[in-house]
Structures are given as structure tokens and as C-alpha cells.
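K.L.:
Okay, here's the structure, questions in a sec.
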Amino acid sequence: MGAPRRVALALLALPFELLALGVVAVALPLLLSLPRLDGTVAVTGLREPILVERDAFGIPTIRAANERDLYFGLGFVHAQDRLWQMEFHRRLGQGRLAEILGPAALPSDRLMRTLGLYRRA
């Protein structure tokens, strides 16, 4: 195979290589951001160990020795399952949705900043 043919094949393969790299660059952070649903997580602030079990539908059951640890487990599960929703509503109250959603969210941001809910909270 001659040098011109190798160069041509390399140039033809380049878009596919860039596409594959782009897919990995998008998919990897998404996969790494998924909640950890099995195993042990060590956290400080618990009096006793807690157990979080999920059924076939992903519904969590939290078992704890005391109420304080139970609420900690509930907050942990909420952060795993609903982090994006909590971040969305925090930004909504601050009038900062356009930072992540773009110009379409500016009317909502203007309204929320005019109402000043975040300043009054």
C-alpha cells in the first residue's frame, strides 16, 4: 500500500475517530454521575450504620437505629435520586435558570429576581 493511499485512509477514518471520541467524552461523565446503588459508603456524622435497600423499581427503603440517622439517610437518598431537581429549583428561586437552560429561561429569571424570593429567604 502506497503512502498516498495510507494518508487517504487515515483522513477517511478521522471523522469516525472524532465521533467515537466525542461519544466517550459525553457518555463517560454521564455514567460516572449516576448514583451508587450498591456497596458501602462511609460518611461521617452517623451514630449507627444505616441500610438503604432498593426494590426492583428503585424505590428505597431506609433502615436506621435512630431518627436522626434515618433523616440523614433520607437526605442522602434524595441527593442521589433528585440532585438535578434540587439544583433546578434552587436556581429557579435565585433567578438563575438561564445559566443552564439558555435565553428561553430569561423571562422566568426576571420574574423571580423581581419578586426577590431568594433575598427574602
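Numbering (this note's numbering), first residue to last: 1453 to 1573. We put the beta carbon where it would ideally sit given N, CA and C, even for glycine. Remember, it's a predicted structure, so these values are computed and weren't measured experimentally.
Using DSSP with H/G/I as helix, E/B as strand and the rest coil, what is PRO1512?
P.N.:
strand
K.L.:
Below 8 Å, how does it come out for the region 1512 to 1527 and the region 1491 to 1499: are there three or more Cβ pairs, yes or no?
P.N.:
yes
K.L.:
Indicate whether the contact test is met: 3 or more Cβ pairs, each with one atom in the region 1532 to 1548 and one in the region 1566 to 1573, closer than 8 Å.
P.N.:
yes
K.L.:
Can you name the start and end residues of the alpha helix (DSSP H) that GLU1519 belongs to?
P.N.:
Per DSSP, GLU1519 is one residue of the alpha helix (DSSP H) stretching across 1519 to 1546.
K.L.:
Pick out whichever of SER1560, GLN1532, ILE1502 and ARG1572 has its Cα sitting closest to the Cα of SER1574.
P.N.:
Here the chain comprises residues numbered 1453 to 1573, so residue 1574 is not present and cannot be evaluated.
K.L.:
Between ILE1552 and ARG1542, which are expected to be in contact by the criterion C-beta below 8 Å, what is the C-beta distance as a whole number of angstroms?
P.N.:
No, ILE1552 and ARG1542 are not in contact; Cβ-Cβ is about 11 Å, not under 8 Å.
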